[in-house]
Amino acid sequence: MALIWLGCAWLLGVALGPVAREWWPPALCGGLAGLTLAALYPERRRLLLGALVLLAVLALGAWRAGPSGTEPADLPPGAIEAARGTVVDWPERGNRNDRAMVAIDAVRVAGEWRGATARARADVPLQPAIGRGDRVELYGYYRPAEAIPLAGFRASLQRRGLHGQFRAFGASVVARGERDGLGARRVAGLDRLEESIRRRVPQPEAALVTGILLGDDGRLPKEQRQAFERTNTSHIMALSGWNIAIVAGCCALVGRRLGRARSWWWQGGSIAILWLYTGLVGGGASLMRAAIMGTLYLVAEATGRRGDALIALVVAATLMTAVAPATIFDLGFQLSCAATAGLVLCSGPLARALRRLPAPVAAGAAATLAAEGFTLPLVLHHFGQLSLVTLPANLLVEPLVPLVMAGSALTVAAEALWAPLGALAGIVAWLPARLLLFSVELLGKPAWATVGTAMPSPPVVAALYATLGAAIVAPSWLPALRVTGGRLREELAPRRPVLMPLLAGVVSGLVAGGWLALLLGPLR
Numbered sequence: 001m002a003l004i005w006l007g008c009a010w011l012l013g014v015a016l017g018p019v020a021r022e023w024w025p026p027a028l029c030g031g032l033a034g035l036t037l038a039a040l041y042p043e044r045r046r047l048l049l050g051a052l053v054l055l056a057v058l059a060l061g062a063w064r065a066g067p068s069g070t071e072p073a074d075l076p077p078g079a080i081e082a083a084r085g086t087v088v089d090w091p092e093r094g095n096r097n098d099r100a101m102v103a104i105d106a107v108r109v110a111g112e113w114r115g116a117t118a119r120a121r122a123d124v125p126l127q128p129a130i131g132r133g134d135r136v137e138l139y140g141y142y143r144p145a146e147a148i149p150l151a152g153f154r155a156s157l158q159r160r161g162l163h164g165q166f167r168a169f170g171a172s173v174v175a176r177g178e179r180d181g182l183g184a185r186r187v188a189g190l191d192r193l194e195e196s197i198r199r200r201v202p203q204p205e206a207a208l209v210t211g212i213l214l215g216d217d218g219r220l221p222k223e224q225r226q227a228f229e230r231t232n233t234s235h236i237m238a239l240s241g242w243n244i245a246i247v248a249g250c251c252a253l254v255g256r257r258l259g260r261a262r263s264w265w266w267q268g269g270s271i272a273i274l275w276l277y278t279g280l281v282g283g284g285a286s287l288m289r290a291a292i293m294g295t296l297y298l299v300a301e302a303t304g305r306r307g308d309a310l311i312a313l314v315v316a317a318t319l320m321t322a323v324a325p326a327t328i329f330d331l332g333f334q335l336s337c338a339a340t341a342g343l344v345l346c347s348g349p350l351a352r353a354l355r356r357l358p359a360p361v362a363a364g365a366a367a368t369l370a371a372e373g374f375t376l377p378l379v380l381h382h383f384g385q386l387s388l389v390t391l392p393a394n395l396l397v398e399p400l401v402p403l404v405m406a407g408s409a410l411t412v413a414a415e416a417l418w419a420p421l422g423a424l425a426g427i428v429a430w431l432p433a434r435l436l437l438f439s440v441e442l443l444g445k446p447a448w449a450t451v452g453t454a455m456p457s458p459p460v461v462a463a464l465y466a467t468l469g470a471a472i473v474a475p476s477w478l479p480a481l482r483v484t485g486g487r488l489r490e491e492l493a494p495r496r497p498v499l500m501p502l503l504a505g506v507v508s509g510l511v512a513g514g515w516l517a518l519l520l521g522p523l524r
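The sequence shown lines up with residues 1 to 524 when you count with full-length UniProt numbering.
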């Protein structure tokens with residue numbers, strides 16, 4: 001339990017890091033008040049010192065995150081017609097265009113090339129194909145992040161340190177980058193894998209199979225992609241714990257055949273396969289979180305200890321934010337952690353509440369309700385829409401996802417062995433993909449399937465999660481809180497003449513510190 005408290009304090013500190021310097025006066029007043037109370041009440045010193053340790057960890061997380069802010073773009077005034085720059089990462093493949101991050105160093109305004117500095121997400125045509133390290137010239141128009149109306153997309157650009165979006169209607173490669181690295185071989189391998197699936201599975205099911213296996217939904221037609229968004233099932237094409245759980249499950253089936261005596265062998269092999277898969281498909285934040293959790297669980301089992309999913313989640317999130325504090329603002333990471341926390345904390349109680357239903361239906365409904373309930377505040381904050389068909393859609397879709405993944409892996413392996421066998425295996429991948437796509441399209445077709453909502457601010461989102469947490473811990477904590485409250489009233493009664501002035505001074509200090517923070521912010 002101590003690890004969970006410490007990890008949560010760290011994560012809160014990292015989240016508050018960008019604005020922490022504005023709130024140091026209230027935090028300092030709170031720390032001094034805690035030390036004073038620890039001196040006045042030795043019998044409560046352990047509890048108060050624990051609170052001070054949490055405050056110190058929170059401050060350490062805030063210090064690690066540091067102030068926010070990307071270096072501003074340096075662009076000449078006027079409408080930008082074209083841009084030159086370097087592709088800084090391998091592009092994300094799409095159905096109509098590719099999406100690449102480009103470091104812009106020159107732009108053309110009113111027919112004249114001028115020096116510039118900016119990082120932008122560039123939507124570029126499929127041809128010519130571009131890769132990391134390429135020097136490119138893009139023709140189109142540029143929009144700064146501040147001018148983008150979609151709040152979720154704007155926030156996504158800013159979290160990734162991008163200044164805006166460049167919509168390119170044409171592109172040319174000025175100079176090719178290095179193609180002999182490990183990243184280039186990984187991309188080439190993914191292209192061959194995707195090509196083998198497209199050769200044996202017809203469209204649009206091939207795009208869906210590729211999306212589930214590799215987390216790339218760019219090839220899916222716009223109509224189907226919108227159906228997934230309306231039913232809130234897009235997460236099946238986002239690389240996350242689903243993929244890791246399926247890979248780990250397959251490894252576990254093989255491991256059980258080997259017996260307990262060889263557990264170290266299959267668990268070590270499972271860890272290697274997990275990280276090989278993570279590295280092959282790209283290793284986004286949500287997939288990295290799941291890989292770390294899976295590794296911790298397998299290590300605990302190998303050493304004879306009981307794995308705790310909640311502790312593994314907190315440790316994974318803490319490690320990732322310690323290495324890269326900006327990860328905490330990644331939307332995929334936020335949704336992945338929220339859904340996992342919901343499954344760990346609420347799926348069991350919900351399944352027991354639904355025990356009158358058939359066991360598979362109760363388990364599926366409980367998992368869906370837990371994950372959707374914990375991700376709902378984030379979904380409303382970033383997208384401002386609520387799906388009314390998410391429960392039946394997920395109940396129909398989730399059992400088909402492992403079948404699609406297994407079918408796609410079988411198709412790739414069979415295609416590599418013997419082409420006619422690959423054609424037969426393609427049917428195994430196509431059938432569950434066809435059923436999944438039909439279910440999503442059917443449920444996403446009605447106009448009432450999704451409704452627009454207000455987009456709550458970050459403080460409101462924090463309040464919603466605090467309410468969820470209070471509702472979860474209240475049943476187990478209320479009896480202990482009543483007993484503790486009675487003891488505190490008895491202990492504090494003789495010391496009330498000293499405590500009341502002290503409390504008034506602490507409150508006054510907090511208020512004064514808050515006003516000082518508000519005043520120092522604009523002055524700085």
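Ideal Cβ positions, reconstructed from N, Cα and C, are used throughout, including at glycine.
Here the structure is a predicted model, which is why all the values come from computation and not from measurement.
Quick one: grab the DSSP three-state call for residue i.
{"i": "P402", "result": "helix"}
{"i": "W90", "result": "coil"}
{"i": "T233", "result": "coil"}
{"i": "I212", "result": "helix"}
{"i": "D191", "result": "helix"}
{"i": "V102", "result": "strand"}
{"i": "Q385", "result": "strand"}
{"i": "A355", "result": "Checking the sequence, you will find Arg at residue 355 rather than Ala. In the structure shown, R355 sits in coil (DSSP, three-state: anything other than H, G, I, E or B)."}
{"i": "T453", "result": "coil"}
{"i": "R524", "result": "Unreliable positioning characterises R524 in this predicted model, as indicated by a pLDDT of 42, which lies under 50. A coordinate reading is not provided."}
{"i": "I80", "result": "strand"}
{"i": "A317", "result": "helix"}
{"i": "A433", "result": "helix"}
{"i": "L12", "result": "helix"}
{"i": "V173", "result": "strand"}
{"i": "V247", "result": "helix"}
{"i": "R200", "result": "helix"}
{"i": "R108", "result": "strand"}
{"i": "R154", "result": "helix"}
{"i": "T303", "result": "coil"}
Who pairs with residue i in a beta bridge, going by DSSP?
{"i": "L422", "result": "The sequence given here has Gly at residue 422, not Leu. For G422, which the question treats as bridged, DSSP gives no partner whatsoever."}
{"i": "Y141", "result": "R167"}
{"i": "N394", "result": "Paired residue(s): none; N394 is not in a bridge."}
{"i": "E223", "result": "Its beta-bridge partners do not exist; DSSP assigns none."}
{"i": "T117", "result": "D74"}
{"i": "P125", "result": "N97"}
{"i": "R135", "result": "T86, A175"}
{"i": "V460", "result": "Beta-bridge pairing links V460 to no other residue."}
Whole-angstrom Cβ separation of residue i and residue j, contact assumed at under 8 angstroms?
{"i": "A145", "j": "Q127", "result": "Not a contact, Cβ separation roughly 28 angstroms."}
{"i": "A449", "j": "T231", "result": "7 angstroms"}
{"i": "I427", "j": "V14", "result": "Their Cβ separation, rounded to whole angstroms, is 48 angstroms, which puts I427 and V14 out of contact at 8 angstroms."}
{"i": "V247", "j": "I273", "result": "6 angstroms"}
{"i": "G177", "j": "D134", "result": "5 angstroms"}
Alpha carbon to alpha carbon, how far is residue j from residue i? Give it in angstroms, no decimals.
{"i": "V299", "j": "G469", "result": "29 angstroms"}
{"i": "E137", "j": "L162", "result": "18 angstroms"}
{"i": "M455", "j": "A425", "result": "45 angstroms"}
{"i": "A371", "j": "L208", "result": "22 angstroms"}
{"i": "H381", "j": "W418", "result": "49 angstroms"}
{"i": "P522", "j": "S286", "result": "At P522, the pLDDT of 42 sits below 50, so the modelled position is not reliable; the number obtained from the coordinates is stated separately. P522 and S286: Cα-Cα distance of roughly 36 angstroms."}
{"i": "A359", "j": "G342", "result": "19 angstroms"}
{"i": "A351", "j": "A367", "result": "8 angstroms"}
{"i": "F228", "j": "W63", "result": "40 angstroms"}
{"i": "P420", "j": "R305", "result": "47 angstroms"}
{"i": "L431", "j": "L400", "result": "10 angstroms"}
{"i": "residue 526", "j": "V397", "result": "In the structure displayed, the chain extends from 1 to 524; residue 526 sits before or after that span and is not available."}
{"i": "A129", "j": "L3", "result": "47 angstroms"}
{"i": "L442", "j": "Q385", "result": "19 angstroms"}
Which residue wins for smallest C-alpha separation from residue i, given the options the options?
{"i": "R160", "options": "Y141, S196, V88", "result": "V88"}
{"i": "R84", "options": "V174, V389, E71", "result": "V174"}
{"i": "A56", "options": "V102, W5, R99", "result": "W5"}
{"i": "G78", "options": "I104, E112, R230, A366", "result": "E112"}
{"i": "L437", "options": "Q226, A324, A103", "result": "Q226"}
{"i": "A118", "options": "R132, A110, M101", "result": "M101"}
{"i": "A463", "options": "E415, V404, F374, L431", "result": "F374"}
{"i": "T390", "options": "V440, P399, L220, T318", "result": "V440"}
{"i": "Y139", "options": "A339, P125, I244", "result": "P125"}
{"i": "P76", "options": "D105, P91, E92", "result": "D105"}
{"i": "A312", "options": "V344, T303, L58", "result": "V344"}
{"i": "E81", "options": "M405, P204, A316, A171", "result": "A171"}
{"i": "E71", "options": "A120, V107, L410, G407", "result": "A120"}
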